[in-house]
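Chains as they are written, first to last, in the working numbering: chain A, 1 to 911; chain B, 1001 to 1263.
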């Protein structure tokens, strides 16, 4: 191999050297080199370099797959803070810091229960009026530095809505030792911030300055500001105040301690103030948050700054959290990562992928922070039980005195664990490109959860313990698995009954034992004739042996049993062979024709697919109803088959159950519908192919191969590609003819607006009823054909009708087969489409739609040439004394009336 | 009513369904002239019409040209073509409505000339004939589709009889071929005395493909020689490289559509 390789490279050189360019000169050296290089890098069989080998091997070991690795690299590059931004910030920050440090000292003391300070500063104090009764005296002590902290300082920030955290340490002198109680600390802190903001009001460096409260915590404001000018397009600033750890004794804020005296709280004057009330853990945590900030930041810096992979992992985790809207701050997630580093679960030698994966595994499985919390402080976790008595989730910081997860409610914690478990599941699923659902897809409440409950937080606010310790902590959502659902059981009785009846019929047929005849004729027409003979026989026997009314046809048999008519058809593989057969030069060849494909779908592929979908239905009871809803939705927008075939709808619905990432499979049909709409709306059908592998029948290689074939045009590629393991030689057979590109585009638009409608309805306007989703718009169509309502079948299934449970009649028909499958509208549509499909498209709602909407084809109104083969519906018109031809619109509209005689009520033409 | 003429002599007239039809289609017709006339479209007596609306039936068209004379026969075709011999088929499909062309055969040559000079066509419907359309047609179609078991049986028997006769005839013909002809040649057919296999591409493929494959597999020693081991290693690298290239392509695609902006 090596030898051969050398040889080939030598020969390449020879060729290169012998090259003479157009001018008869040898190409210059530089060009020559380039050429060689190109040749070398192009060849798949070149000798690998050490770097390349390393990379290829690394990918195999350290990353899920190449694709995953490349995607990780791309996303990291995308969210990385650009050098330009950094430069701009650094410049601005230097000026800003210089300015801030010029803040004047103020020797005056202010009583904060009065308005003297705000009046002097000409800014409001960022603290609620309910704290007016807190009395304290404030004196401004100048700070000495402004620091960059947070993710920007740790180099793991996300360059989307980039906000850089700045921090000022308030000098310990600002507070006295008793300021820990009754919100004095908070009040002084607010005053301090007001002084700074007043100073910042006077500079041009800053625009749009306002107070803000992290997580709705009304007692610890921060200052949000935007740099002036164009800079604000690059970043914004959050200025936070913290204090020296030495300011207060940490143990004063242990969760056991009370720092809100009852006397103060209930405004009882002159009562023994020695009375200490119950513990105030949340109040304590607010203060602790400021106290411990510096220590933890130091720790993070020490561990992370030089650990590239850890930083990358943190960025990935942050993206993942943000897509899920989980209320876990970057600070907390960084410290969680740090904790796992300290407990040796992860290290910087691991790849970012491995780190993230391990963090997820750890989060999903091992530790029950609600019962046995974790601590960054190894030496002292004796007091951890105290925290458990007061907080749902416990994660102690490096001082061991503060619960970093003090704000986290059990709901968020559960969500974190649940999502972590899901994430690991997605990573392990080789069939999907898990990167996209993990990091690129926003997970919305209404698509993720089966139930969305509302109104809880309002109740909490009205409680007498008025101060908003809780903010908006109480979660809006609750997850419930499928146990309690609102599923309407549609026609359950009849369905069940129908199933047993089918079985009975089949049993009857089996008893007939007409057996497998080897002597079917070799001519398709004769074959069909023989099938008809079988039909005749079966009908006769069923009638004689079981006294069932039957009606044989050439192609099928109708049988009446228990008031239901069954249609039986004989399927035999030979028919398919005969249809495909063609004789060429005496050799028999087999070719697919339109007819053979249809027969194959009906008799071979469909039963397999049915089996698989039935399996899916038993696994996920919401599947069937989801399909019903989807078909109804499509149909209500006049896209009944053939525009959007039933089987494509069924497969699309199956896709959200088979590939539920980034969520669980839906347990409610309504959510199922929302997910399908989501899939329809947000898939780039141009590029993506959906692979539905129900029973792990397709290998990854097969899938890759198919992808290649589709993309290279080796096999016909419909505009919506959805492949199952049962498609045989025709991948994506079910969507081969429809939907068309136009219909797909329309469905996507409709799905998008439907999703907006749902989101607005459910989350903003608090409407439960989203039936409006099913109301079509008739504007935009050229002609609308109104039908006689009395002749419209399935009127009872219209969306605006109250659903009724249809019961079987007491005494079902027994003697004569009633009229079945007589559907005048379908007949009408069939004729319209057969005769006028070159001019127009026809749309109808199968479920009781009373109109047929018509859309002229784009070239409908153009002038045409008269040609023998192309004279359909043309009428002569005179244009500038010349005879031209045009489609005779009026005549066609009249034709609609003619061939729909008796059914058409009225035709309106939109001009 | 206006009439229009075109360069190649098509006459255009409006074809009404009823007397009071307001927006009729325009049909175009001319004398049917081809190099070789068939007996069912005799030269001089046949009118060739294009753009016949979908619902028009034979009697209707006869009615329309009643002004020119008696129409002997009407043939509808989807496009202008020579008459095809009717293929015998067991299941006759109902023609779905479409714009068609028609060949109208008159009794006399004068009638064609007269037709070409018409200024107006009569409506398709008259007191005696009404074109079947809409609900009435569908009901009739449905009722027509339901046949008595007896009729179906007769149908089947007639067809099979005919079929069997045809098959027999074919066999006879083949048997004849089997016999030595004057020069001593024998044609080999399916039904000959010599055992043979079906001549299908599938069979030949199978024979050729399988044998070759089996041979190859048998002769191959895997990972035996050093060069083989090297080769398989190289193959592995090549596979990895290929995958890498493909993944890169995929990334490029995703990059294009989503640009890797997570938010």
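Here a beta-carbon is modelled for each residue, glycine too, at the ideal position from N, C-alpha and C. This one's a predicted model, so the numbers in the text were calculated from it and none came from an experiment.
Between the alpha carbons of residue 1100 of chain B and residue 737 of chain A lies a gap of roughly 25 angstroms. Sequence-distant partners of residue 532 of chain A (beyond 5 residues in either direction) whose C-beta falls short of 6 angstroms from its own C-beta, in its chain, are 554. With respect to residue 830 of chain A, residue 792 of chain A sits apart: the two C-beta atoms are not nearer than 8 angstroms. Legend: CB atoms of the region 1030–1042 of chain B lying less than 9 angstroms from CB atoms of chain A are not found in any residue. Counting along the chain, the unbroken beta strand (DSSP E) around residue 558 of chain A starts and ends at 557–561.
Residue state for residue 840 of chain A is assigned as strand, using DSSP reduced to three classes. Judged by DSSP secondary structure, residue 71 of chain A falls outside any beta strand (DSSP E) and instead within the alpha helix (DSSP H) spanning 66–79. Counting only Cβ-Cβ distances below 7 angstroms, residue 1065 of chain B has no contacts in chain A at all, with the closest Cβ about 18 angstroms away.
For residue 438 of chain A, same chain residues with a beta-carbon under 7 angstroms away, outside a window of 5 residues either side, are 320, 423, 426 and 662 in chain order.
Considering only beta carbons, the part of the region 425–441 of chain A lying closer than 7 angstroms to chain B consists of 439 and 440, in chain order. Beta-bridge annotation (DSSP): residue 227 of chain A is paired with A:206. Straight-line spacing of the CA atoms in residue 85 of chain A and residue 208 of chain A works out to 20 angstroms. The shortest CA-to-CA distance from residue 1231 of chain B to any of A:240, A:153, A:312 and A:45 is the one to A:45.
Looking only at A:858, A:838, A:277 and A:650, the smallest Cα-Cα distance to residue 263 of chain A is reached by A:277.
The residues 420, 423 and 424, in chain order, have a CB closer than 7 angstroms to that of residue 360 of chain A in the same chain once the five nearest residues on each side in sequence are set aside.
In this model, residue 334 of chain A and residue 300 of chain A are separated by some 8 angstroms (Cα to Cα). Using a CB distance below 8 angstroms, the part of the region 1240–1258 of chain B facing chain A consists of 1240, 1241, 1242, 1243, 1244, 1246, 1247, 1248, 1250, 1251, 1253, 1254, 1255, 1257 and 1258, ordered along the chain. For residue 1058 of chain B, the enclosing alpha helix (DSSP H) starts and ends at 1058–1064.
Contact of residue 85 of chain A with chain B is not assigned, every C-beta pair being separated by 8 angstroms or more. With contacts defined as CB atoms closer than 8 angstroms, residue 848 of chain A and residue 781 of chain A fail to qualify as a contacting pair.
For residue 692 of chain A, the enclosing beta strand (DSSP E) has its first and last residue at 690–692.
For residue 872 of chain A, there is no enclosing beta strand (DSSP E), as DSSP marks it with neither H nor E. A check of alpha carbon separations from residue 896 of chain A across A:871, A:861 and A:840 identifies A:840 as the nearest. Listed in chain order, the alpha helix (DSSP H) elements of length 4 or more contained wholly in the region 348–406 of chain A are 352–365 and 384–390.
Annotation note: the region 607–666 of chain A contains the following uninterrupted alpha helix (DSSP H) runs of length 4 or greater, listed N- to C-terminal: 623–636 and 646–658. The region 137–149 of chain A makes no contact with the region 222–235 of chain A, as fewer than three CB pairs between them are under 8 angstroms.
Counting along the chain, no beta strand (DSSP E) covers residue 721 of chain A, and no H or E run does either. By the Cβ criterion, the region 878–897 of chain A is not in contact with the region 1098–1113 of chain B, since fewer than three pairs of Cβ atoms, one from each stretch, lie closer than 8 angstroms.
Neighbours of residue 1076 of chain B across chain A, judged by C-beta separation under 7 angstroms, do not exist; the nearest C-beta is about 13 angstroms away. For residue 163 of chain A, the uninterrupted beta strand (DSSP E) run begins and ends at 163–170, by DSSP. Residue A:898 holds the alpha-carbon nearest to the alpha-carbon of residue 1125 of chain B among A:905, A:898 and A:906.
Looking at the DSSP output, residue 111 of chain A sits in a beta bridge with A:137. Across the region 897–908 of chain A, CB contacts with chain B closer than 7 angstroms involve 898, 899, 900, 901, 902 and 903, in sequence order along the chain. Bounds of the beta strand (DSSP E) holding residue 1025 of chain B are 1025–1031. Listed in chain order, the positions of the region 1112–1140 of chain B with a beta carbon within less than 7 angstroms of a beta carbon of chain A are 1133, 1134, 1135, 1136 and 1138.
Residue range 410–428 is occupied by the alpha helix (DSSP H) that includes residue 410 of chain A.
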